[in-house]
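Peer 1: Heads up: the sequence shown begins at 8 in this note's numbering, then just goes up one per residue. All residues carry an ideal CB built from backbone N, CA and C; glycine is no exception. Keep in mind the model is a prediction, meaning the values are calculated, not measured. Following this message is one structure expressed as structure tokens.
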Amino acid sequence: MGRPQAAIKMGEGNKEEAEKILGTGVTTLFFLSLTLSFVFFTFGQDFLQLFGASNETLPFAWDYLKIISLGAITIQFALGLNPYISTRVCLIQYDHHFDWSDVKHHFRPDSYFCI
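In structure tokens form, the structure reads like this:
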């Protein structure tokens with residue numbers, strides 16, 4: 008969503024611009040997840056019937072879809088912000104010289120082999 012641009016700005020040392028890009032990504036994720044939750048709560052039963060839910064299975068599918076829709080915000084943030092986190096870990100590797108004894112409690116060693 009904005010990971011390459013944020014990585015470029017962080018690499019240039021322009022942290023303010025990288026924060027703006029991250030803020031745009033967070034705002035987009037938030038409104039996208041709210042929109043998806045609203046659409047599924049409003050039109051969820053219609054979607055389920057469109058995809059073939061029978062009258063016997065519709066109540067169970069509707070209950071399941073409501074639970075999934077409530078978790079959409081958390082899922083969107085977990086999946087959507089993960090690239091920004093890995094970008095930051097990779098850039099930290101190249102910004103500073105680390106003492107492994109200081110790092111081993113904060114990051115996994117395999118996170119330092121960024122591609």
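1. Please state whether DSSP places G30 in a helix, a strand or coil.
2. Identify, in the order they occur along the chain, each residue of the same chain with its Cβ nearer than 7 angstroms to the Cβ of K6, setting aside the five sequence neighbours on each side.
3. Does DSSP classify R10 as helix, strand or coil?
4. In chain order, what residues of the same chain have a beta carbon less than 6 angstroms from the beta carbon of Q12, not counting five sequence neighbours either side?
5. Run the CB neighbour count on A85, radius 10 Å, all protein chains shown included, and call it buried at 16 or more, exposed below.
6. Alpha helix (DSSP H) containing F67: first to last residue?
7. Give the straight-line distance between the Cα atoms of L65 and S44, rounded to the nearest whole angstrom.
Peer 2: Considering the structure as presented:
1. helix
2. There is simply no residue 6 to check, as the chain begins at 8 and stops at 122 in what is shown.
3. helix
4. I28
5. exposed
6. L65 to L77
7. 18 angstroms
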